[in-house]
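**Q**
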Amino acid sequence: MSLAFVAPSVAQLEVRDRGHRVEGGATTKATFVGGYEGDQSVNHALTSMAAMFVVAGGVRWRERRQQVTLRRAGGGPSTAVVGSPQETYQELVDKSEYLRDQHWTKTFHASFMGGAYVGMAGLLSLVIGGNMASQFITQKAVFAALFPINLLLVLTTGGQLFTGNSATMAIGIYEKKCTTKDLLRNWSIAYIGNIFGCLLIDAVATYTGMFTGGAQEMAVHTVMKKCSATFGQTVVKGIMCNWLVCMAVWLCTMAKDMTGKMVGVWFPISMFIAIGFEHSVANMFILPAGIFSGAPLSWGDILVKNLIPVTIGNAIAGAFVVGAGMSFMFGKLGKKEDK
32 MSLAFVAPSV AQLEVRDRGH RVEGGATTKA TFVGGYEGDQ SVNHALTSMA
82 AMFVVAGGVR WRERRQQVTL RRAGGGPSTA VVGSPQETYQ ELVDKSEYLR
132 DQHWTKTFHA SFMGGAYVGM AGLLSLVIGG NMASQFITQK AVFAALFPIN
182 LLLVLTTGGQ LFTGNSATMA IGIYEKKCTT KDLLRNWSIA YIGNIFGCLL
232 IDAVATYTGM FTGGAQEMAV HTVMKKCSAT FGQTVVKGIM CNWLVCMAVW
282 LCTMAKDMTG KMVGVWFPIS MFIAIGFEHS VANMFILPAG IFSGAPLSWG
332 DILVKNLIPV TIGNAIAGAF VVGAGMSFMF GKLGKKEDK
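Be aware that the sequence shown starts at 32, since it is given in my numbering, and climbs by one per residue.
(1) Among E206, V296, A221 and Y205, whose alpha-carbon lies nearest the alpha-carbon of G190?
(2) Suppose you measure from the CA of S219 to the CA of G240; what does that come to, to the nearest Å?
(3) Between the beta-carbon of M144 and the beta-carbon of G228, is there less than 8 Å?
(4) Spell out the partners DSSP gives V113 in its beta bridges.
(5) Ignore the nearest five residues each way along the sequence and tell me which others in K336's own chain have a CB closer than 7 Å to its CB.
(6) Using alpha carbons as the reference points, say which of G195, P319 and F262 lies closest to L130.
(7) Please report the straight-line C-alpha distance between V294 and M285, rounded to a whole angstrom.
(8) Among residues of its own chain, excluding the 5 on either side of L338, which ones have a beta-carbon nearer than 7 Å to its beta-carbon?
(9) Write down every uninterrupted run of the alpha helix (DSSP H) in the stretch 321–366 whose length is 4 residues or greater and which is fully enclosed by it, in chain order.
(10) According to DSSP, simplified to helix, strand and coil, what is A38?
(11) Got a sec, what are the start and stop residues for the alpha helix (DSSP H) C209 sits in?
(12) Given that a residue counts as buried once 16 or more other Cβ atoms are within 10 Å of its Cβ, and exposed if not, what is W135?
(13) Can you tell me whether DSSP reads H134 as helix, strand or coil?
(14) Can you tell me whether DSSP reads C272 as helix, strand or coil?
(15) Excluding the 5 residues preceding and the 5 following G354 in the sequence, name in chain order all residues of the same chain whose CB lies nearer than 6 Å to its CB.
(16) In the DSSP assignment, find the alpha helix (DSSP H) that holds T239 and state where it starts and stops.
(17) Within the same chain, show all residues whose beta-carbon is closer than 7 Å to that of F361, passing over the 5 residues directly before and after it, in chain order.
(18) Give me the residue from V112, K287 and H140 with the minimum Cα distance to F193.
(19) Helix or strand or just coil, what does DSSP make of E309?
(20) Return the residue from the list G331, G307 and A279 that minimises the CA-CA distance to L123.
(21) Please determine, among G153, L215 and G291, the residue with the shortest C-alpha to C-alpha distance to V235.
(22) Comparing C-alpha positions only, which one of D332, D213, Q264 and T243 sits nearest to V254?
(23) Taking Cβ positions, are V149 and F308 nearer each other than 8 Å?
(24) In terms of residue numbering, what span does the alpha helix (DSSP H) encompassing F178 cover?
(25) What are the boundary residues of the alpha helix (DSSP H) that includes G203?
(26) Does DSSP classify A260 as helix, strand or coil?
(27) If you count every other CB in all the chains shown that lies within 10 Å of the CB of E68, and 16 or more means buried, which is it?
(28) State the Cα-Cα distance for the pair I159 and V173, rounded to the nearest angstrom.
(29) DSSP on G160, reduced to helix/strand/coil?
(30) Measuring only the C-alpha atoms, how far is A250 from A320?
(31) Tell me the rounded alpha-carbon separation between K363 and R216.
(32) For A243, name the three-state secondary structure that DSSP assigns.
(33) For I232, which residues of its own chain have a beta-carbon under 7 Å away from its beta-carbon, when the five flanking residues on both sides are left out?
(34) For F359, which residues in the same chain have their Cβ closer than 7 Å to its Cβ, ignoring the five residues on either side in sequence?
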């Protein structure tokens, strides 16, 4: 896991001596580079995450032992922990029908909650990564390790993201379960709900003074970098990002237990963060965070230079790269070739 890479950097954090010498038995006062004096929250958070993975591994081992025992006894439920690709595809087809028939208020609520979860994970990554060290690679690794928790929360609570729905609804069209009107309706509601959910977390963080210190510096640096590429480059980054995000949704759907879902989500999301691809819903949080933190950009700048091209790229990846690709492999788009 990415934490294995992050841990050595934590142990080697630079410490600034702001004039607090050891005099008369007094201890030296340490501070994280770019962070808060005496703040041990980073160590506590990383220790908690490591403990979480140890516990998850223990639970998984116990479940597997119980399954083996049941199998040897000739009874119990199926011991399969991963569905087949065809089963996974059918689940997404069924989900597209469910989303098609869902009342718009429920779609908005699920999308609002999805945006809020993305914002929470983004805030967590900024607060810990920004106050941990000034080295770029360390901050990037921490962000990649922490941010994937948002998709796990979304997928296990029924939340919705525009990025994941871009593939699911497209699959519904390819399988003749949904219309273009159904797709546009769902995409629009999900997109708006995601924006409001992310802005809620931005407002909470601003009101409570969380965009300070290293978190503020990291937010400004990240937003400036995100708005520095060309329109075409940003579109391509959006395509590559949502390709990985939709594969994370695919793996999470394929897994039948919580540990499998966690693993299926974590690695593709960490991958797109570490590489530097662009996710529209994540940017719905990070771009306003940068403006609230003092980035010299306008709302028009972040829309034209980032959010619009990223959204286009995300939609292309969901509808065509993943949606059409999976339908060609397992659905109606590939039936003609099979014959």
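Just so it is clear, CB atoms sit at the ideal spot from N, CA and C, and this is done for glycine as well. Note that the structure is predicted; figures quoted are calculated from it, not measured.
**A** To lay it out plainly:
(1) A221
(2) 32 Å
(3) yes
(4) A286
(5) C258
(6) G195
(7) 11 Å
(8) S311, N314 and L318
(9) 330–333, 339–347 and 356–361
(10) In this predicted model, A38 has a pLDDT of only 39, less than 50, meaning its place in the structure is not dependable; the value taken from the coordinates is given anyway. Helix.
(11) From DSSP, C209 is part of no alpha helix (DSSP H); its letter is neither H nor E.
(12) exposed
(13) coil
(14) helix
(15) A198, A201 and I202
(16) No alpha helix (DSSP H) holds T239; DSSP gives it neither H nor E.
(17) P116, Q117 and Y120
(18) H140
(19) coil
(20) A279
(21) G153
(22) D332
(23) no
(24) Segment: none, F178 is in no alpha helix (DSSP H) and carries neither H nor E.
(25) F193 to Y205
(26) coil
(27) In this prediction, E68 scores a pLDDT of 43, lower than 50, which makes its location untrustworthy; the coordinate-derived value is nonetheless stated afterwards. It counts as exposed.
(28) 8 Å
(29) helix
(30) 6 Å
(31) 23 Å
(32) According to the sequence displayed, residue 243 carries Thr and not Ala. Here T243 sits in coil by DSSP.
(33) A147, G150, M151, L154 and F316
(34) G365
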